[in-house]
Amino acid sequence: MTDTIRTTQVAIIGGGIMGVAAQFQLAENGWTDTILFEKAELTSGSTWHAAGQIAHAVGSRIAGWINKTSIETYKRVEKETGQGIGWHEVGGFRIATTDDEVDWMNSIMGVGKLLDLPMELVGPEEVAKGNPFYKVNDIKAAVQTFEDGHIDPSGVTMALAAATRARGARIERHNRVIGASRKGDMWLLRTEKGDVLAEHVVIAAGFYANQVGEWFGLKIPSVSCLHHYLVTDTVPEFLDRPELPVMRDNAFGGYIRQEQKSGLIGIYEGHVCPTVWEMPQGAPWAAENELFEADYDSIGDFLMVAFDKMPILAELGIKRVVRGAITHTPDGGMLVGPSGAPNIWLSCGSSIGLAWGGGAGKVLADWMVHGATEINTRSMDPRRYGDFSTDHFIVERTKDEFMRRHDTPCPGKQFHSLRPLNKHALYDRLAARGAVFGEVAGWERPRYFGKVGEVEQIGWGHQNWHANAMAEAKATREGAGVIDLCAFAQFEIIGRDAGKLLDRLSANKIPAKDGSIGLCHLLTEQGRFETEITIWRISEGRYFTGSPIARANPDFAWMQSQVQPGEDVTLINRTNDWGMLALSGPASRAILSQATDADLSNAAFRWLSGQEIDVFGVPCYALRVAFTGELGWELHLPLDRIAEVYDKLHEDGAAHGLVDLGGYAFNGLRIEKAYRASGELTTDIGMFDVGLDRFFRSEGRDFIGKEAALAAKEHVGWELLYCEVQSDHIDVHGGEAVLLDGAPVGLTTSGGYGYTVRKSLAFVFVRKGTPRNGLSVLLLNQEYPLTVLDEPAFDPDNLRPRQDA
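Shown next, in the form of structure tokens:
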């Protein structure tokens, strides 16, 4: 023990694959003044017992990019250090035995196209050639991959550590961090071998992340779940033949591969999720290389299916059972990026550590060193969880995720646990009207309206709700629709310097006149999108803003963090206390006029303005905007009064054809107006990539990200196109490959069916300079031609929102 306080730029807590890979990638980016603290030996948490698979056949571009980056990183480090990583490039098969699984196999072929990952969609005959010991009688299709496989967890971690040390970074084993506190602009870490001051801290503590997070005031949504894999006795048929590919099959919820000359079977039970060290107590600090007793009763049925799939393993003995703790999160995604606490970063919550470690390390290093990542990382941003993430929610939803991880991920798939989690005042009324709900950031929001108690049919093509959404959209365009948007972030910014703060954050000029509304984009220092908000100037020194509910915590924290010392600014988060009803359609003025004494004419209440009015005697913030592209108003008001307003709107609106509007119809109305949404405004691009030049007003003013955005304008690499998809039965969901002459040139961001124009529509990113003719989109492994549209498919002159009739 020493009294000397050391300093470092970055302290990393945890010596598994996630921590070591993060330190390596930081060193690659020039940050070598780092110390990694591990309480025992490297890999002694979850890493050492991992099965080590890394797959290419995955369901999204970000997952494929992460895995590809990991493989490339590990191979490069092996070559550099000479340290063996035990890489077995045996390829694999992902098996489909149901029609939904076949659709999913077709859908993920686009990931291979986008990332240049060699893969093929094959039938049972090719599976039999690749693995002659696997039963193929019930196989309908499979994705065959060629350049993925499995790796030695300890070998690759030690190779990364060696490469990191060679760059000058430090690793301290057998030195546990035992606490932390803020000291000025630094973090003071107390370790078993003395105190350390760090500018940045990375929490890569695996199943200790919960306890470590508490030191920094964080609740880290990560749960330790127990996973089995079993190694058989030697398989005679494996002798004197090439190694088999990795087999992944949802029929038994797991994988089978060759482990030297034995079989290895991994099982994820679909009926139970055994957890250990639950929140808030967490794992005991003494745990090291921890394993747990096998539970054959739990996995027995799944194991029998696995034996039936590969009978040569059935009569062999089991020489080793590994049942270890692996961290999972409530939505299955890892936690990589800023935590919300100053200079505290996360690289944890990883259920597939070896596959994700190298890629996650690059994401984290790019974010820390350069302030931006090269790929959209919102799905792994730790700040995606809101106030609904209690200890109980984190544990129970994670169990649900674990048990459903081998379900087919059809579009529209939802979790069922703890539903409804948050019921606002309209929930029962909407349910009684036939609302079929989806969960958004812990809140229930109607997707469409059908029969009471109806269960949504999910899948890739048009489903049974398509007709419902069509009817809702038609009624809104012809009369009026009201949609519950209580799940919406709402903030007030007040004070003498409120306008000064917002002007410093916004790329657009903020509204200068009382009552005016502006669409504004908040940028990062690198000129990328931080978020999109509407700003209503109520009066001088008083503003109201709104943004998507999933951004409630990050957006509020971001704005709050930018208040400078001495500024007179108060931010009020009304998200949990206020709700919002959006009333739109040509009859909306007639309906709302019956509810208020306010003059709603164009002359008195112009488009893109707001007023404080009474609606049925309830004080409301009324904003004349509508994401449907119709005449309409957003009504923001306290949740404890929203039910009475909703009821009376329906009473008065019945004669005008007022209907409830669900999210599917809402999206269809949005897309046929060519309004951009969150899918287009991602963390890896800026305003000029998406054609939002008119909202970038830099003349005579300064704001965060201005110079970086202007510099990037000269090197815009992407172009956002608005397209019609030549399809009448399937729509874009986002993330699909865009092709030109069969080669990938971009990807979709969002899409849907335009119910008024009867067209499938989509936004797509293509490389700058890509020809507009000859483009197609890959949906379920079939090419559908794209027609680029130069204007919105509906009301291109934007007359309907401004009508005065």
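Per the working numbering, the very first residue in the sequence shown carries number 58; after that it's consecutive. A virtual CB, placed ideally from N, CA and C, is assigned to each residue, including glycine.
Limits of the beta strand (DSSP E) - the one that Leu837 falls within: Careful: Leu837 lies outside any beta strand (DSSP E) and carries neither H nor E.
Member of Ala498, Gln520, Trp500 and Glu496 whose CA lies at the smallest distance from the CA of Gly18: One cannot answer for residue 18 here, as it falls past the ends of the chain, which runs 58 to 862.
Touch test, the stretch 612–626 against the stretch 667–684, Cβ-Cβ under 8 Å, three pairs minimum: Flag = no, the stretch 612–626 and the stretch 667–684 do not touch.
Assigned secondary structure, Leu692 (DSSP; H/G/I helix, E/B strand, else coil): Leu692 falls in the strand class under three-state DSSP.
Three-state secondary structure (DSSP) of Ile70: Looking at Ile70 - three-state DSSP - the assignment turns out to be strand.
Where Pro337 sits in the DSSP three-state scheme: Assignment of Pro337 by DSSP, reduced to helix, strand and coil, places it in the coil class.
Neighbourhood of Pro278 by C-beta distance below 6 Å, restricted to the same chain and skipping five residues each side: Sequence-distant partners of Pro278 (beyond 5 residues in either direction) whose C-beta falls short of 6 Å from its own C-beta, in its chain, are Thr386, Pro387, Tyr442, Ser446 and Ile451.
Whole-angstrom C-beta distance between Asn267 and Gly339, which should lie under 8 Å: Between Asn267 and Gly339 the Cβ distance is about 4 Å, and since that is below 8 Å, they are a contact.
Beta-carbon proximity check, Gly530 vs Gly710, cutoff 8 Å: Residue 530 is actually Ala in this sequence, not Gly. Not closer than 8 Å, so no.
Through-space distance from Thr653 to Gly636, alpha-carbon basis: Here the C-alpha atom of Gly636 lies approximately 19 Å from the C-alpha atom of Thr653.
Asp634 - partner residues in DSSP beta bridges: DSSP output for Asp634 lists no bridge partner at all.
DSSP-derived helix/strand/coil call for Phe445: Phe445 falls in the coil class under three-state DSSP.
Beta carbon of Pro849 nearer than 8 Å to that of Glu729: Going by C-beta atoms, Pro849 is nearer than 8 Å to Glu729.
Secondary structure of Tyr191, DSSP reduced to three states: In this structure, Tyr191 counts as coil in the three-state DSSP scheme.
Cut-off 7 Å between Cβ atoms - residues of its own chain near Asp625, not counting five sequence neighbours on either side: The residues Gly552, Arg553 and Asp554, in chain order, have a CB closer than 7 Å to that of Asp625 in the same chain once the five nearest residues on each side in sequence are set aside.
Buried versus exposed, by CB contacts within 10 Å (16 or more), Met58: Below a pLDDT of 50, predicted positions are generally treated as unreliable, and Met58, at 46, falls in that range; the measurement from the model is reported next regardless. With fewer than 16 other Cβ atoms inside 10 Å of its own Cβ, Met58 counts as exposed.
Expected contact under 8 Å - CB spacing of Ile196 and Ile152 to nearest Å: For a cut-off of 8 Å, the C-beta gap from Ile196 to Ile152 is around 6 Å, short enough to register as a contact.
At least 3 beta-carbon pairs within less than 8 Å: the stretch 409–419 vs the stretch 109–128: As far as the Cβ criterion goes, the stretch 409–419 touches the stretch 109–128, which means the pair count is three or higher.
C-beta contact flag for Leu688 and Gly536 at 8 Å: With respect to Gly536, Leu688 sits apart: the two C-beta atoms are not nearer than 8 Å.
Glu229 - containing beta strand (DSSP E), residue span: For Glu229, the uninterrupted beta strand (DSSP E) run begins and ends at Arg227 to Arg230, by DSSP.
Per-residue DSSP class, three states only, for Pro395: Correct three-state label for Pro395: strand.
Ser618 to Met391 span [Cα, whole Å]: Their Cα atoms are separated by approximately 25 Å.
Residue range of the unbroken beta strand (DSSP E) whose run includes Gly603: Here the beta strand (DSSP E) through Gly603 covers Arg599 to Pro605.
Cβ contact check for the stretch 215–231 and the stretch 170–182: 3 or more pairs under 8 Å: Fewer than three beta-carbon pairs drawn from the stretch 215–231 and the stretch 170–182 are found closer than 8 Å, and the two stretches are therefore not classed as touching.
Any 3 or more C-beta pairs closer than 8 Å across the stretch 358–367 and the stretch 300–309: Yes: the two stretches touch, three or more of their Cβ pairs being nearer than 8 Å.
Under 8 Å between C-beta atoms of Arg857 and Gly743: In this structure, Gly743 does not lie closer than 8 Å to Arg857 by Cβ.
Residues that Ser641 bridges to, as DSSP identifies them: DSSP, once it has assigned bridges, lists Gly538 and Gly689 as partnering Ser641.
Beta-carbon separation (whole angstroms), Arg454 vs Leu475, contact threshold 8 Å: Right, the Cβ-Cβ distance comes to about 6 Å (below 8 Å), so this counts as a contact.
Outcome for Lys456 when other beta-carbon atoms lying within 10 angstroms are tallied against a minimum of 16: Classified as buried, Lys456 has 16 or more neighbouring CB atoms from the shown chains inside 10 Å of its CB.
Three-way DSSP call (helix, strand, coil) for His707 in this model: In the structure shown, His707 falls within a helical segment according to DSSP collapsed to helix, strand and coil.
Minimum C-alpha distance to Leu174 - residue among Pro801, Pro842 and Pro828: From the listed residues Pro801, Pro842 and Pro828, the smallest Cα separation to Leu174 is found for Pro801.
For Ala546: DSSP bridge partner residues: Note: Ala546 is bridge-paired with Ser604 in the DSSP secondary-structure output.
Cβ contact check for the stretch 281–292 and the stretch 366–381: 3 or more pairs under 8 Å: Segments in contact, yes.
Residue interval of the beta strand (DSSP E) (run including Phe150): Phe150: member of the beta strand (DSSP E) spanning Gly149 to Ala153, first to last residue.
Exposure of His328, with buried meaning 16 or more beta-carbon neighbours within 10 Å: His328 is classed as exposed because its beta carbon has fewer than 16 other beta carbons within 10 Å across all chains shown.
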